Amino acid sequence: MTRPLRILVAEGGTPALRERHAAVSGQTPSAFYADVLTRLARDLGASLLTDICYPADAGAALPAGEDLAGYDGVAITGSGLNLWKAEPESLAQVAFARAVFDAGVPFFGSCWGLQVAAAAAGGEVKRNPQGREVGVARSIRLTEAGRASGLHAGRLEAFDAPAIHSDEVAVLPEGATVTATNELCAVQAAEIRHGNGVFWGVQFHPEYTFTELGGILSRITPIMVEEGFFRSPEEAGLYVSDLVALDADPARKDVAWRLGIAPSVTDPRIRRTELINWLSAQVLPTASARGRA
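Each residue of the sequence shown is one higher than the one before, counting from 1 in the UniProt record's numbering.
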């Protein structure tokens with residue numbers, strides 16, 4: 001009998017950040033991410049066991065008796081932290097990412113995860129001078145390398161995706177290849193080869209549902225109003241309500257039109273293309289080669 005795949009999900013947030021997130025969304029980012037990966041693996045015909053670790057926490061360690069080499073893949077979630085602040089909680093995650101590279105385990109990250117992996121490989125993350133990209137990242141374009149990369153297999157050459165970030169990878173590390181870009185953020189996706197490992201990551205959030213995205217926007221509504229994305233909290237509330245309605249019924253053409261969201265974004269399988277590709281092209285073959293699948 002084929003054994004289950006084992007994935008380690010690294011929580012990007014501090015205890016305070018993940019508790020704040022769970023209070024609105026009902027789950028921590030890492031628990032949500034683990035659930036998504038489990039469902040996607042099942043769709044690929046594989047069973048999956050997930051562990052969660054908290055590299056931002058003081059004294060946090062891997063589950064008892066485990067080491068990184070024992071996993072078939074490691075994924076890092078998003079976070080409300082900023083690497084350019086060089087806080088201990090951020091630097092601890094950079095050290096964790098270096099350890100993942102050293103272990104040679106298939107490695108993936110969304111948003112913060114991409115930034116952490118880039119910093120671990122010698123790159124630099126800064127505040128995006130163009131400001132926050134939030135809601136849906138528009139007109140993401142595959143680069144020439146991206147069109148040939150398994151990371152984006154099945155993607156249109158230009159696409160939209162859920163996103164929320166104010167920072168960007170400003171200096172690429174050696175061994176990094178940009179695979180997708182857009183007008184607001186030069187590094188929307190990248191492959192990073194460093195040490196013994198290969199990282200695939202995206203600045204957007206393929207894992208998100210619209211309800212998850214709406215919960216985050218509800219939490220940061222005052223910031224969104226202050227930055228001019230909405231004129232009032234009431235206007236923000238209407239936008240979030242539309243997101244939730246579209247999640248409940250992706251066929252709501254009226255809502256999709258009102259929000260300017262393409263069918264490829266409302267389709268959860270297309271939206272999660274990069275995660276599916278990582279599981280099928282990186283995790284499963286590596287596990288098989290190691291005699292673990």
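Quick reminder that beta carbons are idealized off the backbone N, C-alpha and C, glycines included. Predicted model, so just to flag it, every value in this text is computed and none were measured.
Check                                                                                                   : Outcome
Assigned exposure category for Gln-130 - 16 Cβ within 10 Å defines buried                               : exposed
Glu-124 (DSSP reduced to helix, strand or coil)                                                         : strand
Length-filtered (3 minimum) beta strand (DSSP E) runs lying within the segment 65-121                   : 73-76, 107-110
Buried versus exposed, by CB contacts within 10 Å (16 or more), Gly-123                                 : buried
Three or more C-beta pairs below 8 Å linking the segment 195-212 and the segment 6-16                   : no
Extent of the continuous beta strand (DSSP E) run through Ala-158                                       : 158-165
Where the beta strand (DSSP E) through Phe-199 begins and ends                                          : 197-202
Alpha helix (DSSP H) segment containing Ala-23, residue limits                                          : 15-25
Residues near Val-240 by beta carbon distance below 6 Å, same chain, minus five either side             : Gly-214, Leu-217, Ser-218
Contiguous alpha helix (DSSP H) assignments of at least 4 residues, all confined to the segment 188-239 : 210-219, 221-226
First through last residue of the beta strand (DSSP E) which encompasses Leu-48                         : 48-53
First and last residue of the uninterrupted beta strand (DSSP E) at Ala-137                             : 133-142
Sequence-distant residues of its chain with Cβ nearer than 8 Å to Val-136 (five each side left out)     : Asp-160, Ala-161, Pro-162, Ala-163, Leu-259, Gly-260, Ile-261, Val-265
Simplified DSSP assignment, three categories, for Arg-272                                               : coil
Alpha carbon of Thr-181 to alpha carbon of Ile-276, nearest angstrom                                    : 20 Å
Contact between the segment 92-100 and the segment 31-43 (3+ Cβ pairs under 8 Å)                        : no
First and last residue of the uninterrupted beta strand (DSSP E) at Ala-180                             : 176-181
Local conformation of residue 304 per DSSP, three classes                                               : Shown here, the chain extends from 1 to 293; a query on residue 304 therefore has no answer.
Cβ neighbours of Thr-273 in the same chain (closer than 8 Å, five flanking residues each side left out) : His-152, Ala-153, Gly-154, Arg-155, Pro-206
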